[in-house]
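Student: Going by the numbering used here, 166 is the number at position 171 of the sequence shown; the sequence numbering is gapless. C-beta: ideal position from N, C-alpha, C; glycine also. Keep in mind it's a predicted model, so treat the numbers as computed, not measured.
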Amino acid sequence: MSTFAKRERLLLADLLETAGPEAPTLCEGWQTRDLAAHVVVRERRPDASAGLLIKQLSGRLDKAMEEFAAKPYEELIQLIRTGPPRFSPFQLKQLDEASNTIEFYVHTEDVRRAQDDWTPRELDPVFQDALWSRLERTARLMGRGVPTGLVLRRPDGQTAVAHRGTPVVTVTGEPSELLLFLYGRKSAAKVELDGDKEAIAKLHEGKQLGI
-4 MSTFAKRERL
6 LLADLLETAG
16 PEAPTLCEGW
26 QTRDLAAHVV
36 VRERRPDASA
46 GLLIKQLSGR
56 LDKAMEEFAA
66 KPYEELIQLI
76 RTGPPRFSPF
86 QLKQLDEASN
96 TIEFYVHTED
106 VRRAQDDWTP
116 RELDPVFQDA
126 LWSRLERTAR
136 LMGRGVPTGL
146 VLRRPDGQTA
156 VAHRGTPVVT
166 VTGEPSELLL
176 FLYGRKSAAK
186 VELDGDKEAI
196 AKLHEGKQLG
206 I
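(1) In whole angstroms, what separates the C-alpha of K192 from that of N95?
(2) Skipping 5 residues on each side, what residues in its chain have a beta carbon closer than 6 angstroms to that of I195?
(3) Can you give the Cα-Cα distance for A8 and E23, rounded to whole angstroms?
(4) Which stretch, first to last residue, makes up the alpha helix (DSSP H) that contains L90?
(5) Of all the CB atoms in chain D, is at least one closer than 8 angstroms to the CB of L11?
(6) Out of R132, I97, R37 and W113, which one is the CA nearest neighbour of F122?
(7) Mind checking who A163 pairs with in its DSSP beta bridge?
(8) Apart from the five residues on each side of it in sequence, which residues of its chain come closer than 6 angstroms, Cβ to Cβ, to R76?
(9) Specify, as a first and last residue, the run of the alpha helix (DSSP H) that E187 falls within.
(10) Taking 8 angstroms as the cut-off, does the segment 170 to 178 touch the segment 122 to 134 (at least 3 CB pairs, one atom from each stretch)?
(11) Measure the beta-carbon distance from A31 to F99 and round it to whole angstroms, keeping in mind my assumption that it falls under 8 angstroms.
(12) Buried or exposed: which applies to R81, given that a residue is buried once 16 or more other Cβ atoms fall within 10 Å of its Cβ?
(13) Assuming the contact rule is C-beta atoms closer than 8 angstroms, F28 and D42 should be a hit. Round their C-beta distance to whole Å, please.
(14) Report the partner residues of Q26 according to the DSSP bridge assignment.
(15) Within the same chain, show all residues whose beta-carbon is closer than 7 angstroms to that of A14, passing over the 5 residues directly before and after it, in chain order.
(16) The beta strand (DSSP E) with T13 in it runs from where to where?
(17) Measuring alpha carbon to alpha carbon, tell me which of A64, T143, D151 and E169 ends up nearest A157.
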């Protein structure tokens, strides 16, 4: 049975291929070629992708991104489809699911929702529950730089605290939409915000989080 990460990987590859190398994405400053290069570098150049988290390695990351972005676009798509190298830790199903389910879901929506004619994607309840489970585990980490208190709420009332503080803003939506909001795709996420108006304004001004 295909895993969620595998399914989202193939969907992302198909969308990138259909969109072509110069289509817009929700990642600020990136076209589809740049996004494809990012995905490949993350899986195949761990020495460079560490620059996403370690400022001192950002130069190595930039160089690797330039090198891969210069490759034929079709080659990048194929590298995404075939997945990480044979001895990569991402070959382990458990790690692949834990690390890539959100990565590929968000980047799939980065491509979909940057297009003028995009429509909401129907996600099955099992996948929504899987996304919620990951969201609960990562909410505090992803919300550490939020300028207000932040509570994430599912339509059924389940909540997760992303950041403790006051005033509090409550963001309500399906797990898939809450993920997009938390990862900085605020304008594209289908959510409702409740709280102090100034706090909501500050929340919208926050920078996009990268993955």
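Tutor: Taking the definition as stated:
(1) Here residue 192 refers to the residue found at position 197 when the sequence shown is read from its first residue. Here residue 95 refers to the residue found at position 100 when the sequence shown is read from its first residue. Between the alpha carbons of K192 and N95 lies a gap of roughly 35 angstroms.
(2) By 1-based counting over the sequence shown, the position of residue 195 is 200. Closer than 6 angstroms at the Cβ level, and outside the excluded window around I195, lie V164 and L188.
(3) Taking the sequence shown and counting its residues from 1, the one referred to as residue 8 is at position 13. Taking the sequence shown and counting its residues from 1, the one referred to as residue 23 is at position 28. If I take the Cα positions, the gap works out to 20 angstroms.
(4) For the purposes of this step, residue 90 is taken as the residue at position 95 of the sequence shown. Taken as a continuous stretch (DSSP letters only), the alpha helix (DSSP H) holding L90 covers K88 to R107.
(5) Of the chains in the structure shown, none is chain D; there is only one protein chain.
(6) Walking along the sequence shown from the start, residue 122 turns up at place 127. Checked all of R132, I97, R37 and W113; the closest Cα to F122 is I97.
(7) Here residue 163 refers to the residue found at position 168 when the sequence shown is read from its first residue. Position check: residue 163 holds Val in this sequence, whereas Ala was assumed. Looking at the DSSP assignment, V163 forms a beta bridge with G144.
(8) Indexing the sequence shown from 1 puts residue 76 at position 81. Counting only Cβ-Cβ distances below 6 angstroms, and skipping sequence neighbours, we find A8.
(9) Translated into the one-based positions of the sequence shown, residue 187 becomes position 192. From DSSP, E187 is part of no alpha helix (DSSP H) but of the beta strand (DSSP E) over E187 to D189.
(10) yes
(11) Here the question's residue 31 lines up with position 36 in the sequence shown. Here the question's residue 99 lines up with position 104 in the sequence shown. The Cβ separation is near 12 angstroms, so there is no contact.
(12) Looking up residue 81 in the sequence shown gives position 86. So R81 ends up on the exposed side.
(13) Sequence index remark: in the sequence shown, residue 28 carries index 33 (1-based). Sequence index remark: in the sequence shown, residue 42 carries index 47 (1-based). Sequence inspection shows Arg at residue 28; the Phe mentioned does not correspond to that position. Incorrect: roughly 22 angstroms between the Cβ atoms, too far for contact.
(14) Residue numbering aside, residue 26 sits at position 31 when the sequence shown is read from its first letter. Answer is P19, bridged to Q26.
(15) Here residue 14 refers to the residue found at position 19 when the sequence shown is read from its first residue. Excluding sequence neighbours, A14 sits near T27 and V106.
(16) In the sequence shown, counting from the first residue as 1, residue 13 sits at position 18. No beta strand (DSSP E) holds T13; the alpha helix (DSSP H) holding it covers F(-1) to A14.
(17) Translated into positions along the sequence shown, residue 157 becomes position 162. Across the set A64, T143, D151 and E169, the C-alpha of T143 shows the shortest separation from the C-alpha of A157.
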